[in-house]
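Here's the structure we're looking at; comments come further down.
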Amino acid sequence: MVNVGPETTTEGEFGDVSRSDGDTWFGHPRQLARLFTTEMWERFGYYGMRALLTLYLTKHFLFSDQTTTGLYGGFTALVYLTPLIGGLLADRFLGSKKSVKFGAVMMAVGYFTLCFGGETAKPAATIGGQHYAVQVENFVDRPTSTGKEQRYIVDGGQRLLIKGNEDGTVSLVAPNGQVART
Numbered sequence: 115m116v117n118v119g120p121e122t123t124t125e126g127e128f129g130d131v132s133r134s135d136g137d138t139w140f141g142h143p144r145q146l147a148r149l150f151t152t153e154m155w156e157r158f159g160y161y162g163m164r165a166l167l168t169l170y171l172t173k174h175f176l177f178s179d180q181t182t183t184g185l186y187g188g189f190t191a192l193v194y195l196t197p198l199i200g201g202l203l204a205d206r207f208l209g210s211k212k213s214v215k216f217g218a219v220m221m222a223v224g225y226f227t228l229c230f231g232g233e234t235a236k237p238a239a240t241i242g243g244q245h246y247a248v249q250v251e252n253f254v255d256r257p258t259s260t261g262k263e264q265r266y267i268v269d270g271g272q273r274l275l276i277k278g279n280e281d282g283t284v285s286l287v288a289p290n291g292q293v294a295r296t
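Structural data, given as structure tokens:
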């Protein structure tokens, strides 16, 4: 992925992130709270979709284990490979901020249409993931200060995003277990 510096951004996406105003979240810019929450729900949706996709294919469509495994593997492969395309599109055309917003909306559409058995569910979630996944790291890795404090902020921000991943993953265990019983 091409690393676009703050001096070359066109949408002012990183230049306005500052800690100097005293309004912080765990010592980080307030924008990190939004990224944490978004990351948590993205992981909730992704892992939930993986579990429910398997149940849906085996219980609703009565697919064999072999067919279900192939479709599940295809979905997982696309989710992890397509961020390369999303990163290129964001770097060259959209910018990180617009790419994250577009990705979040597409994932929401994909997961929502999955509830109704829509055929757009899997492609929408995959396209959303391709735009979202890569760009969130750009927001955290962008320096907001200099020297030793900068390294602390970036490392701490990464830890908070990982915590968001973990919270989103763990919080779906009970709901998915309940869905599996119905």
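Quick note on my numbering: the sequence shown kicks off at 115 and runs consecutively. In this text, a Cβ means the ideal position worked out from N, Cα and C, and glycines have one as well.
Express the C-alpha separation of residue 224 and residue 216 in angstroms, rounding to a whole number.
-> 12 Å
Give a yes or no on whether the C-beta atoms belonging to residue 234 and residue 193 are separated by under 8 Å.
-> no
By how many angstroms is the C-alpha of residue 188 removed from the C-alpha of residue 210?
-> 26 Å
Inspect the CB distances between the region 152-165 and the region 196-213 and report whether three or more fall short of 8 Å.
-> no
Which residues in the same chain as residue 153 place their Cβ atom closer than 8 Å to its Cβ, once the five residues preceding and following it in sequence are excluded?
-> 250, 275, 278, 279 and 282
Would you call residue 289 buried or exposed, if buried means 16 or more other Cβ atoms sit within 10 Å of its Cβ?
-> exposed
Contact set for residue 138: own chain, Cβ-Cβ below 8 Å, skip 5 residues either direction = 144
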